[in-house]
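As you go down the protein sequences, you meet chains A and B in turn.
By our numbering, the letter at position 69 of the first sequence is numbered 69, and the numbering carries on one by one without gaps.
By our numbering, the letter at position 125 of the second sequence is numbered 1125, and the numbering carries on one by one without gaps.
Data first, discussion second: the structure below is written as structure tokens.
Protein chains: 2
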Amino acid sequence: MPKQLPVITPESIRCSPLMREPLSEQQSADLAKAFKALADPVRLRLLSLIASHAGGEACVCDVTDAFDLTGPTISHHLKVLREAGIIDGERRGTWVYYRVLPDMLRTLSTLLTAPEATEAEPVPAAT
Amino acid sequence: MPKQLPVITPESIRCSPLMREPLSEQQSADLAKAFKALADPVRLRLLSLIASHAGGEACVCDVTDAFDLTGPTISHHLKVLREAGIIDGERRGTWVYYRVLPDMLRTLSTLLTAPEATEAEPVPAAT
DNA sequence: GGCCTATTTAGAGGTCTGTCAATCTAGACA
DNA sequence: TGTCTAGATTGACAGACCTCTAAATAGGCC
Chain A
1 MPKQLPVITP ESIRCSPLMR EPLSEQQSAD LAKAFKALAD PVRLRLLSLI ASHAGGEACV
61 CDVTDAFDLT GPTISHHLKV LREAGIIDGE RRGTWVYYRV LPDMLRTLST LLTAPEATEA
121 EPVPAAT
Chain B
1001 MPKQLPVITP ESIRCSPLMR EPLSEQQSAD LAKAFKALAD PVRLRLLSLI ASHAGGEACV
1061 CDVTDAFDLT GPTISHHLKV LREAGIIDGE RRGTWVYYRV LPDMLRTLST LLTAPEATEA
1121 EPVPAAT
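See the structure below:
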């Protein structure tokens, strides 16, 4: 499972705590790739199945049954999550086990967090 | 700006704190819609521009210049964000002002958060 | 080696998405 | 009323995406 190169890493994104300042084009492009990996119901469910599985990892065969999809399709979605730096897979004998890489999810989570309740006042219509 | 109906709300998602348990098909479908709205570099940058703008809101004309895109395209992206329940817009005179709705972002952020460092042990190969 | 199972890769088809040009709507103002 | 500006909507097109079937790869076992 030699994680092919076009993988995004949390370090490569390195975005400020939140949207307290505008994102650069590069940042937004990298972040969009990460969010795109999450923007599919099958991948979200795959992720939750892996993350919530005993031991923090799940074999492909463990999760395939939860879907009405063919093996190759599941494999495709796992690859997308892997290339987004969200999960990683390891072959052990006949089976391949996937586990969540928490760093990327943490990075995305932080990005979406409000820095503080710094004042969400609707602005007193100061014309 | 009568927010057309197919809007997702944080309440409608109501997912458990994190992926401590598998997502249902319905939850994953709703969440995927929300993440899909974030899965575009232009929309992410729009969001950061609005969120970081003085007063927490920005007029369309404030953000359009940051892009090499036509008005209709910007308008389209704003609509996607609006229908995802991530921003809301309000017309004031000639201009339309957008602001971030923090609830949806908070919901998504929480979803991606690890419940705790509950033990990321690689499992002692307990065959 | 030969066969079987688990998973990935390759290629194709149908659908969704981002973008644009053209057009339309809403408000301001003379 | 007419006109101007700010945004939104519509329709079209190219490229990306999800899914499948068919074929390939990897490891275990006889």
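Backbone N, C-alpha and C fix where the C-beta goes; we use that ideal spot for every residue, glycine too.
query	result
is_contact[B:Glu1011, chain A] using C-beta, thresh 8 Å	no
Identity of the residue in A:Thr113, A:Tyr97, A:Thr64, A:Asp103 nearest A:Ala58 by Cα	A:Tyr97
Cβ shell of A:Lys3 (< 6 Å), same chain only, five flanking positions each side left out	In this predicted model, A:Lys3 has a pLDDT of only 37, less than 50, meaning its place in the structure is not dependable; the value taken from the coordinates is given anyway. Nothing meets the Cβ criterion.
Meets three-Cβ-pair contact criterion under 8 Å: the region 98-109 of chain A and the region 1107-1116 of chain B	yes
Exposure of A:Asp103, with buried meaning 16 or more beta-carbon neighbours within 10 Å	exposed
Paired residues, beta bridge with A:Ala84 - DSSP	Beta-bridge pairing links A:Ala84 to no other residue.
Simplified DSSP state of B:Ala1029, which is helix, strand or coil	helix
Beta-carbon proximity check, B:Leu977 vs B:Leu1081, cutoff 8 Å	Outside the displayed range of chain B (1001 to 1127) lies residue 977 of chain B, so it cannot be described from this structure.
C-alpha gap between B:Arg1020 and A:Ser24, whole angstroms	33 Å
Endpoints, the alpha helix (DSSP H) within which B:Glu1011 is located	1010-1013
Spatial distance of B:Arg1099 from A:Thr70 (CA atoms)	42 Å
Neighbour flag for B:Glu1083 against chain A, beta carbons, 8 Å	no
Identity of the residue in B:Glu1083, B:Arg1091, B:Ser1012, B:Leu1101 nearest B:Cys1061 by Cα	B:Arg1091
Among B:Thr1094, B:Ile1087, B:Val1063, the one whose alpha carbon lies nearest that of B:Ala1037	B:Ile1087
DSSP-derived helix/strand/coil call for B:Arg1020	coil
Proximal residues to A:His77 (C-beta, below 8 Å), its chain only, five neighbours per side dropped	Asp40, Val42, Arg43, Leu46
Beta-carbon proximity of A:Ala34 to A:Ile8, cut-off 8 Å	yes
For A:Gly89: DSSP bridge partner residues	A:Tyr98
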